[in-house]
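Going by our numbering, the first residue of the sequence shown is number 95, and it counts up by one from there.
Cβ atoms here follow ideal geometry from the backbone N, Cα and C, with glycine treated the same way.
As the structure is a prediction and not an experimental result, all values here were calculated from the model.
Let me begin by presenting the structure, written as structure tokens, before commenting on it.
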Amino acid sequence: MQSTPNRHVEVLDNEDEIDIKEIFAVVLRYKISIVVLTIVATLFALVNSYFSPNIYQAETVLKLVAENRYSRNTDFMAMAMGGQGSNIDDEIAVIQTRYMAQEALKELNIGTRYFTTKYFRTRELYKDSPFVVTSGFMTPNAQGARFELIPIDEESFTLRTAPPGGLRNMLRNIVSPPPEDKRPIRYEGEHQFGKQIDTPWFSFTIQKIYDLTNSNYAFSVIPNEYMPGFIQGGLSASSYVKYGNIIQLTFDDTVPLRA
Numbered sequence: 095m096q097s098t099p100n101r102h103v104e105v106l107d108n109e110d111e112i113d114i115k116e117i118f119a120v121v122l123r124y125k126i127s128i129v130v131l132t133i134v135a136t137l138f139a140l141v142n143s144y145f146s147p148n149i150y151q152a153e154t155v156l157k158l159v160a161e162n163r164y165s166r167n168t169d170f171m172a173m174a175m176g177g178q179g180s181n182i183d184d185e186i187a188v189i190q191t192r193y194m195a196q197e198a199l200k201e202l203n204i205g206t207r208y209f210t211t212k213y214f215r216t217r218e219l220y221k222d223s224p225f226v227v228t229s230g231f232m233t234p235n236a237q238g239a240r241f242e243l244i245p246i247d248e249e250s251f252t253l254r255t256a257p258p259g260g261l262r263n264m265l266r267n268i269v270s271p272p273p274e275d276k277r278p279i280r281y282e283g284e285h286q287f288g289k290q291i292d293t294p295w296f297s298f299t300i301q302k303i304y305d306l307t308n309s310n311y312a313f314s315v316i317p318n319e320y321m322p323g324f325i326q327g328g329l330s331a332s333s334y335v336k337y338g339n340i341i342q343l344t345f346d347d348t349v350p351l352r353a
């Protein structure tokens, strides 16, 4: 009566031992493939991490103060809503509207963005750009275009437009060419710092602030009034505590100072 369970346990132990041996046999059989795949996956993760921009987050809180409903309401959020008062959910919704983004843009100038490439990695410069671009006019298809600036010497540089990237954009332009006023512009020329650049698509003056130490720079210009989407895309608002009157605001950006 007692011998049968013992034999059953021995059988299970033997099966476990066989399974482990089979696993090790499979690992040894495909050890080269496993090592190669591990190295490739690790390299891919490192490359992706190197080229991906860092994301920074700025945070602040706002305390909403209730006002007398019969008093004159000067709260700009309530003015935006067109009403005398609102609950915290209404205030959160107002903060994230295009109207509020436009109000913020009256105090900011973020439409002109500067970049540099070093060791194959592109970094946005924001306030650290060694040159400043002042635009006179731009056609719609020049707005947002990527302009590359390659220094020649201390006084001159090559300015050219970078072709729109992505296989999808290239195929779309081939299959269904956009209208003339929306086609990507193509330009290349040599210019000097501090002198106006006039073309049929744009008018720029590029002023050097200090020496350009890298071999490649870039910039894009979008009229500031067209940047609300940029602010709305990075902004989040939520209630700080449940049933409270404090709003928590966070803004995600690749440039901590701008955030």
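- Comparing alpha-carbon positions, the option among 320, 348, 336, 226 lying closest to residue 195 turns out to be 320.
- In this structure residue 298 is buried. Its beta-carbon is surrounded by 16 or more other beta-carbon atoms within 10 angstroms.
- Nearest neighbour of residue 306 by Cα position, chosen from 125, 159, 252, turns out to be 252.
- Around the beta carbon of residue 315, 16 or more other beta carbons sit within 10 angstroms, so the residue counts as buried.
- For the pair residue 216 and residue 225, the CB atoms are not nearer than the 8 Å cut-off.
- For residue 311, the CB contacts under 6 Å within the same chain, skipping 5 residues up- and downstream, are 210, 243 in chain order.
- Short of 7 Å from the beta carbon of residue 145, and not among the five residues preceding or following it, lie these beta carbons of its own chain, in chain order: 215.
- If you ignore the 5 residues before and after residue 236, its C-beta comes within less than 7 Å of the C-beta of 279, 295, 296, all in its own chain and listed in chain order.
- Residue pairing by DSSP puts residue 253 in a beta bridge opposite 243, 283.
- Out of 247, 309, 317, 353, the CA that lies nearest to the CA of residue 325 is found in 353.
- Here residue 185 is buried, its C-beta having at least 16 other C-beta atoms within 10 Å.
- Annotation for residue 215: the continuous beta strand (DSSP E) segment containing it runs 215–218.
- In this structure, the alpha-carbon of residue 284 lies about 54 Å from that of residue 183.
- Distance from the CA atom of residue 193 to the CA atom of residue 308, rounded to whole angstroms, is 39 Å.
- Within a 10 Å sphere around the beta-carbon of residue 188 sit 16 or more other beta-carbons, which makes this residue buried.
- Taking a C-beta distance under 8 Å as the contact criterion, residue 329 and residue 153 do not qualify as a contact pair.
- If you ignore the 5 residues before and after residue 339, its C-beta comes within less than 7 Å of the C-beta of 157, 158, 182, all in its own chain and listed in chain order.
- In this structure, residue 286 and residue 249 form a Cβ contact; the two beta carbons are roughly 5 Å apart against a cut-off of 8 Å.
- In the DSSP secondary-structure assignment, residue 306 is not bridged to any residue.
- Leaving aside the five residues that flank residue 256 on each side, the residues in its chain whose CB is nearer than 6 Å to its CB run, in chain order, 240, 242.
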